[in-house]
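In what follows, a structure is listed as structure tokens, so that the remarks can point back to it.
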Amino acid sequence: MSAHLVVVGSINMDLVVRAPRLPRLGETILGSDFRTFPGGKGANQAVAAARLGGKVRMVGRVGGDGFGDALLDTLRQNQVEITYVYRDPQASTGVALITVEESGDNAIVVAPGANGRLSPQDIHQAEAAFQAAQAVVLQLECPLPTVEEAIKVARRYAVPVALNPAPAQALPDELLRQVDVLIPNQSELQILSGEVEIEEAIQALQKRGVKTLIVTLGEQGCLVVQGAERHTLAAHRVKAVDTTAAGDAFVGAFAVAWAEGKSLLEAARWGNAAGALAVTRAGAQPSLPTRQEVLDLL
Ligand code: RIB
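See the structure below:
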């Protein structure tokens, strides 16, 4: 049976240039092709989960512009339910300026636009979706009070919450305590905890009430942490073309498997596989794998 998920988060149009390397401060370099891709951490995670068989309802905001039209179409085409994606005529749709270098690594600047206006009131309007969900998935590209409200509503209906704290910012302990699984990458883990070493960072967050952590480690796979237990899952060896949305693929796949009732480790294996597949293809949403692709890799 399909798992029902609510994804609350950003919806962006990604404006992407490939270049031999990232420019230094004050420098201009020549890149190669320019392309646009549907993106945004929230929408990427929603599409990732839907391609893997989840019944996904997205809560978000786009502007009244052409990018908004195109992004809503893409969500629909991917069977993401968009009743609670609001059109905001007073804002532009979120945009991400992305440079991808030869190695596949990237640098991203996001202009949040309508994402920055997703409000706690928008969460209330979507409350019916939370009631029917087996998991709620969040990131930090929308305002923190909105994220806090979504966690509160999820808790009201006893729905487990996964938070991908990206882009990283300081978070109150009260919020961390209410998250069931926190999924940062290594730099987000450092920013959240104020510690550089992974183990020290984990313990600092545990002291602040974090229950379960999955630290994504790029080429090193991921580390699953529950209490005193640590499990490292090695990464699949792939040729990196573009790492954009690899973390989102991980989160979306993890969330589907977790909401289907798979164990934490098994769900992390799904995340690992989806993340690996996503780096082999260009763009955010076009790179997200299907369920069959993930099963084949697993
Ligand atoms: O995680 C990748 C995403 O980050 C991109 O799609 C971009 O829109 C930014 O939100």
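Residue numbering for the sequence shown follows our numbering, starting at 18 and increasing by one per position. Where a beta carbon is used, it is the ideal one built from N, C-alpha and C, also for glycine.
Legend entry - Local Cβ density within 10 Å of Glu-158, reported as buried at 16 or more and exposed below that: Here Glu-158 is buried: its Cβ has 16 or more other Cβ atoms, across all protein chains shown, within 10 Å.
Inset, instruction - Please list, in chain order, all residues of the same chain as Arg-1 whose beta carbon is under 8 Å from its beta carbon, the five residues on each side excluded. - result: Look at the range of the chain in this structure, 18 to 315, and you will see that residue 1 is not part of it.
Legend entry - Inter-residue Cα distance where the pair is Leu-315 and Arg-286: Annotation: Leu-315 to Arg-286 spans about 8 Å, alpha carbon to alpha carbon.
Inset, instruction - List the DSSP bridge partners of Lys-72. - result: Bridge partners of Lys-72 according to DSSP: His-21.
Inset, instruction - Would you list the residues sitting across from Gly-77 in a DSSP beta bridge? - result: Residue pairing from DSSP places Gly-77 in a beta bridge opposite Val-102.
Inset, instruction - Identify every run of the alpha helix (DSSP H) within the segment 200 to 268, keeping only runs that are complete inside it and at least 4 residues long; order them along the chain. - result: When DSSP assignments are scanned along the segment 200 to 268, the uninterrupted stretches of alpha helix (DSSP H) that are 4 or more residues long and fall wholly within it turn out to be 203 to 210, 215 to 224.
Legend entry - Where Gly-43 sits in the DSSP three-state scheme: Correct three-state label for Gly-43: coil.
Inset, instruction - Using three-state DSSP, classify Glu-158 as helix, strand or coil. - result: Glu-158: coil per DSSP, three-state reduction.
Legend entry - Pair within 9 Å by beta-carbon distance, Ala-185 and Val-178: Cβ distance not < 9 Å, so Ala-185 and Val-178 don't count as in contact.
Legend entry - DSSP three-state assignment for Arg-172, whether helix, strand or coil: Three-state result, Arg-172: helix.
Legend entry - The alpha helix (DSSP H) enclosing Val-311, as first and last residue numbers: Annotation: the continuous alpha helix (DSSP H) that includes Val-311 extends over 308 to 314.
Inset, instruction - Measure from the alpha carbon of Thr-261 to the alpha carbon of each residue in Ala-113, Ala-108, Val-97, Gln-223, then state which is nearest. - result: Of Ala-113, Ala-108, Val-97, Gln-223, the residue nearest in Cα terms is Ala-113.
Inset, instruction - Using the DSSP secondary-structure output, state which residues sit across from Pro-55 in a beta bridge. - result: As a beta-bridge residue in DSSP terms, Pro-55 pairs with Met-30.
Inset, instruction - Examine the Cβ distances between the segment 194 to 205 and the segment 249 to 257 and report whether three or more of them are shorter than 8 Å. - result: Flag = no, the segment 194 to 205 and the segment 249 to 257 do not touch.
Legend entry - Cα-Cα separation, Lys-72 to Ser-204: In this model, Lys-72 and Ser-204 are separated by some 31 Å (Cα to Cα).
Inset, instruction - State whether the segment 18 to 31 contacts the segment 46 to 63, with contact taken as three or more CB pairs (one from each stretch) at a distance under 8 Å. - result: The segment 18 to 31 vs the segment 46 to 63: in contact.
Inset, instruction - Provide the residue(s) that pair with Arg-35 in DSSP beta bridges, ordered along the chain. - result: As a beta-bridge residue in DSSP terms, Arg-35 pairs with Val-117.
Legend entry - Closer than 8 Å: Lys-58 CB and nearest the ligand RIB heavy atom: Correct: Lys-58 has its Cβ closer than 8 Å to the ligand RIB.
Inset, instruction - May I have the straight-line CA-CA distance separating Thr-163 from Met-75, to the nearest angstrom? - result: Distance between the alpha carbons of Thr-163 and Met-75: 14 Å.
Legend entry - CB contact flag (Ala-276, Gln-94, <9 Å): Against a cut-off of 9 Å, the Cβ pair of Gln-94 and Ala-276 comes out as no contact.
Inset, instruction - Quickly, what does DSSP pair Val-198 with across the bridge? List them, please. - result: Per DSSP, Ala-179, Thr-229.
Inset, instruction - Kindly confirm or deny that the segment 80 to 97 and the segment 217 to 236 touch, where touching means at least three C-beta pairs closer than 8 Å. - result: These segments do not touch.
Inset, instruction - Starting from the Cα of Ala-284, find the closest Cα among Pro-303, Val-311, Thr-110 and give me that residue. - result: Selected option, being the one with the closest Cα: Val-311.
Inset, instruction - With a threshold of 8 Å, establish whether the CB of Ile-115 neighbours any heavy atom of the ligand RIB. - result: Remark: the C-beta of Ile-115 is in contact range of the ligand RIB, defined as less than 8 Å to any heavy atom.
Legend entry - Residue environment, Pro-182, which counts as buried when at least 16 other CB atoms sit within 10 Å: Here Pro-182 is buried. Its C-beta has 16 or more other C-beta atoms within 10 Å.
Legend entry - Straight-line gap, Val-273 to Leu-155 (C-alpha atoms, nearest Å): In this structure, the alpha-carbon of Val-273 lies about 14 Å from that of Leu-155.
Inset, instruction - Give the secondary structure of Gly-48 by DSSP, where H, G and I count as helix, E and B as strand, and everything else as coil. - result: In this structure, DSSP gives Gly-48 a state outside helix and strand, which the three-state scheme calls coil.
Inset, instruction - From the DSSP output, read off the bridge partner residues of Asn-95. - result: According to DSSP, Asn-95 bridges with nothing at all.
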